[in-house]
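Trainee:
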Amino acid sequence: MNLHLSKKSILKKTFQVGSLTLLSRILGIIRETLQVRYFGVGAVSDAFITAFKMPNFFRHVFAEGALSASFVPAIVGSVKQGKQEESNGLMTLSFLFFEGIILLMYVGVLFNTEFIAKLIAPGFSEEQIAYTIPFLRILFPFLLFISSSALLAGALQAVNHFFAPAFGPSLMNMFYVVTLIGCLAYKLPPTVLCFGILMGGIAWMMMHVYFFIRKGFFFGAITPGAIKAFKNVLTKFLPCLFGVSIFEINLFIGGMVASYLPQGSVSLLYYGSRFMNIPLGIFAVALSSILLPHFSRTVLYAPKRLSFYLLEVTKLVSWVILPATLYFLFVSRNFFEHVLLSKKATAFQIDQAVVILMIYIMGLWFFCMNKILLNLFYSMKDTWSSTIASGVSAGVNVLGDLAWIYIFFKYDLTNVGPYGIAATAVLAGATLSMGCFSFLKVRHQFTFYFGNFINFLWRYLVQLSMGTALFYCIYSLAQCYFATTAWAQFFATGLGYWPLTGGLALAIMLLMHRTKKIFGIKVYFLELKEVL
929 MNLHLSKKSI LKKTFQVGSL TLLSRILGII RETLQVRYFG VGAVSDAFIT
979 AFKMPNFFRH VFAEGALSAS FVPAIVGSVK QGKQEESNGL MTLSFLFFEG
1029 IILLMYVGVL FNTEFIAKLI APGFSEEQIA YTIPFLRILF PFLLFISSSA
1079 LLAGALQAVN HFFAPAFGPS LMNMFYVVTL IGCLAYKLPP TVLCFGILMG
1129 GIAWMMMHVY FFIRKGFFFG AITPGAIKAF KNVLTKFLPC LFGVSIFEIN
1179 LFIGGMVASY LPQGSVSLLY YGSRFMNIPL GIFAVALSSI LLPHFSRTVL
1229 YAPKRLSFYL LEVTKLVSWV ILPATLYFLF VSRNFFEHVL LSKKATAFQI
1279 DQAVVILMIY IMGLWFFCMN KILLNLFYSM KDTWSSTIAS GVSAGVNVLG
1329 DLAWIYIFFK YDLTNVGPYG IAATAVLAGA TLSMGCFSFL KVRHQFTFYF
1379 GNFINFLWRY LVQLSMGTAL FYCIYSLAQC YFATTAWAQF FATGLGYWPL
1429 TGGLALAIML LMHRTKKIFG IKVYFLELKE VL
């Protein structure tokens, strides 16, 4: 079986996964909008978001993060060598071990819920803690189903099947949205919503089981080869546990600090990070998911080619993320004021949400690159370099948050506290990027083609400036035209605003793609002609 992906296949699969992720993000926006309608922005919303954040945090750092990063290279090796019995035994052993850990974690949460709630939100009032406890007890098992899906997804990725892992979040969001609609229509309690989320997690897992069996995988006997492969997974898992999801760790720490701020701060930080995660998930997470097994195979047959791939992936990330950053900065106020927080938040809270998103967006390039850089390390089976870089990044985040706590209370600046938390997360993300690049250069002797990248960057910035000016001119002319019609509000702040701005942005990007040769811009993964 030829499992090697060409550049055309990488781009095609990234587009496929990104499209499915886009569907998930659209459903996510609907979900968040309904959730604001249901909870508002206050004590109950803070409690629910905090409770749901805990299984989601472990989902990112444990299941989709460390588990995938350590498990995928191992299962890729077994599949590539045709060791079907070993790969089936590895699945069995991994399930018994990792799902057993999660069951033990749930027992601990079940019998110490109040302590856990106060640990993850030390600044919450007794009222908020009382809201958090039942939410946490119901929602934590969500992790069990998602971690099972992550293991199954690892096997599917080893044979270049990415549909199920990419569609899973959309499936879960469908259950989430339907349950929210029911809760709003019939005024059902929040615990019903929690059970609806669990049902979505079960559906997510069962879909993975179906494709897992369909692709010829099974849960087999635990052979000596499977035990050896599992030991390799385990030795990589612990460093990965800390390294691969440092962004989530930083957000989690930020949430703990935010619990000391006025009610609603946790919710505003959450919504800001969620909106920022739209381009991060659609592009960076999709691309890094495709590249992890590809990098793992490249290490085996042509490791020196990784330097070239790093250059071209950096150029691709820049080509996509820089205009995405400008677009999200442009639409941020409309999104919060007229979509997500409309009539459910004060004017000051809307202003806060806009500023928080703008701060997060400024770090989007670093967050995207970190997803790919960390997977590059894991494909080379180097977990310590990324762990050290992540440790420094986490240290920057913790020190920054502690500094902000001191400033908040010493100078009575709690209302601007969320800005500091968001800025600290961006600084930590940039620190991680710089650390990863340094280790690639010093420890792995990567060749950095700085001249090539700078030549690309200045040419692209010229093209992007012209594209941005064209976008603004056409948008302004369109608004002037619609202002004289009955459609003025529909296109200025209503539903028509999004196809207008989104369609125009997409058209400008397609134009920039068509004209990139005029500016002398070359991006390996954007070339349509296949070079093998």
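Following the numbering used here from start to finish, the sequence shown increments by one per residue and tops out at 1460. Backbone N, C-alpha and C define an ideal beta-carbon position, used for all residues, glycine too. Please read these numbers as outputs of a predicted model, since none were measured by experiment.
#1: Closer than 8 angstroms is the cut-off here; do at least three beta carbon pairs connect the region 1373–1388 with the region 1238–1248?
#2: How many angstroms separate the CA atom of L1438 from the CA atom of F1256?
#3: Ignoring anything shorter than 3 residues or poking outside the region 1268–1293, list the beta strand (DSSP E) runs there in chain order.
#4: The alpha helix (DSSP H) spanning H1089 covers which residue range?
#5: Kindly indicate which residue of A1281, R1233, G1323 and V1087 has the alpha-carbon position closest to the one of N1343.
#6: Does the distance from the C-beta atom of M1362 to that of I1289 stay below 7 angstroms?
#7: Between the beta-carbon of I977 and the beta-carbon of V1105, is there less than 7 angstroms?
#8: Cβ atoms of V1004 and W1247: under 7 angstroms apart, would you say?
#9: Would you call the CB atoms of S1022 and L1079 closer than 7 angstroms?
#10: Report yes or no: do three or more beta-carbon pairs, one from the region 1182–1198 and one from the region 1047–1060, lie closer than 8 angstroms?
#11: Which whole-angstrom value is the C-beta distance of G1017 and I1150, which I expect to be below 8 angstroms?
#12: Kindly indicate which residue of C1401, F1264, A1131 and N1380 has the alpha-carbon position closest to the one of Y1237.
#13: Here's a check: name, in chain order, each residue in its chain whose Cβ is nearer than 7 angstroms to the Cβ of M1127, leaving out the five neighbours to either side.
#14: Mapping the DSSP letters down to three states, classify H1222 as helix, strand or coil.
#15: Suppose the cutoff is 7 angstroms on Cβ atoms and the five residues either side in sequence are ignored; what does the same chain contact list for V1259 look like?
#16: Measure from the alpha carbon of Y1034 to the alpha carbon of each residue in R1202, I1057, M1135 and L1067, then state which is nearest.
#17: Measuring straight from C-alpha to C-alpha, what distance separates V1459 and H1222?
#18: Please state whether DSSP places Q1009 in a helix, a strand or coil.
#19: Flag F1365 as yes when its Cβ comes closer than 6 angstroms to any non-hydrogen atom of the ligand GTP, and as no otherwise.
#20: Taking only three categories from DSSP, how would you classify N1040?
#21: Going by beta carbon distance, what residues of the same chain come within less than 8 angstroms of T961, once the five residues before and after it are set aside?
#22: Could you have a look at L1460 and say whether DSSP puts it in helix, strand or coil?
#23: Between I1061 and M1297, what straight-line distance do the alpha-carbon atoms span, to the nearest angstrom?
#24: Please report the straight-line C-alpha distance between A1252 and W1132, rounded to a whole angstrom.
#25: Taking I1074 as the reference, give the member of E1055, I1125, L1454 and A1275 with the closest Cα.
#26: Are the beta-carbon atoms of V969 and S1195 separated by less than 7 angstroms?
#27: Between the region 1399–1418 and the region 1353–1361, are three or more C-beta pairs nearer than 8 angstroms?
#28: Quick one: Cα of F967 to Cα of F1295, how far?
#29: Are F1263 and S998 closer than 7 angstroms when you measure CB to CB?
#30: Report, in whole angstroms, the separation of the C-beta atoms of Q1321 and P1097, which I expect to be a contact under 8 angstroms.
#31: Nearest to L1072 by CA position, among G1010, M1100, E1042 and G1129, is which residue?
#32: At which residues does the alpha helix (DSSP H) containing M1308 begin and terminate?
#33: Out of curiosity, what's the CA-to-CA distance linking M929 and Q1085?
#34: For the putative contact between A1157 and S1307, defined by C-beta atoms under 8 angstroms, what is the C-beta separation to the nearest angstrom?
Mentor: In short, the structure shows the following:
#1: Yes: the two stretches touch, three or more of their Cβ pairs being nearer than 8 angstroms.
#2: Here the C-alpha atom of L1438 lies approximately 18 angstroms from the C-alpha atom of F1256.
#3: Those beta strand (DSSP E) runs which fall completely within the region 1268–1293 and span 3+ residues do not exist here.
#4: Taken as a continuous stretch (DSSP letters only), H1089 belongs to no alpha helix (DSSP H), as it is neither H nor E.
#5: Comparing Cα-Cα distances from N1343 to each of A1281, R1233, G1323 and V1087, the minimum goes to A1281.
#6: Between M1362 and I1289, the CB-CB gap reaches or exceeds 7 angstroms.
#7: Not a contact, by the Cβ cut-off of 7 angstroms.
#8: No, they are not a contact pair.
#9: Contact check for S1022 against L1079 passes: the beta carbons are separated by less than 7 angstroms.
#10: With a cut-off of 8 angstroms, the region 1047–1060 and the region 1182–1198 count as touching, because enough Cβ pairs lie within range.
#11: The Cβ separation is near 5 angstroms, so the contact holds.
#12: Nearest of C1401, F1264, A1131 and N1380 to Y1237, Cα basis: N1380.
#13: Closer than 7 angstroms at Cβ, skipping near neighbours: F1103.
#14: If DSSP states are grouped into helix, strand and coil, H1222 belongs with the helices.
#15: T1429.
#16: Considering only R1202, I1057, M1135 and L1067, the residue with the shortest C-alpha distance to Y1034 is L1067.
#17: Note that V1459 has pLDDT 37, beneath the 50 cutoff, so the model's placement of it is unreliable and the number below is only indicative. Roughly 16 angstroms separates the two Cα atoms.
#18: Residue state, collapsed to three classes: coil.
#19: Absence of the ligand GTP from the depicted structure is noted, as is the absence of any ligand whatsoever, leaving it without description.
#20: Note: N1040 maps to coil in three-state DSSP.
#21: Its chain contains V1267 and L1268 as the residues whose beta carbon lies nearer than 8 angstroms to that of T961, once the 5 sequence neighbours on both sides are disregarded; these appear in chain order.
#22: With a pLDDT of 34 at L1460, under the threshold of 50, the modelled position of that residue is not reliable, and the figure given next carries that caveat. Reduced to three states, the DSSP call for L1460 is coil.
#23: So the alpha carbons of these two residues sit roughly 36 angstroms apart.
#24: Between A1252 and W1132, the C-alpha separation is close to 29 angstroms.
#25: Per the Cα distances, I1125.
#26: For V969 and S1195, yes; Cβs fall inside 7 angstroms.
#27: In short, these stretches do not touch, since the Cβ pair count stays below three.
#28: Distance between the alpha carbons of F967 and F1295 is about 29 angstroms.
#29: Not in contact: F1263 and S998 (Cβ atoms no closer than 7 angstroms).
#30: The question names Gln, but residue 1321 is Ser in the sequence shown. No, S1321 and P1097 are not in contact; Cβ-Cβ is about 26 angstroms, not under 8 angstroms.
#31: Of G1010, M1100, E1042 and G1129, the residue nearest in Cα terms is G1129.
#32: DSSP places M1308 outside any alpha helix (DSSP H), giving it a letter other than H or E.
#33: With a pLDDT of 46 at M929, under the threshold of 50, the modelled position of this residue cannot be trusted; read the value that follows with caution. Going by C-alpha positions, M929 is about 14 angstroms away from Q1085.
#34: The beta carbons of A1157 and S1307 sit about 16 angstroms from each other, so the pair does not count as a contact at 8 angstroms.
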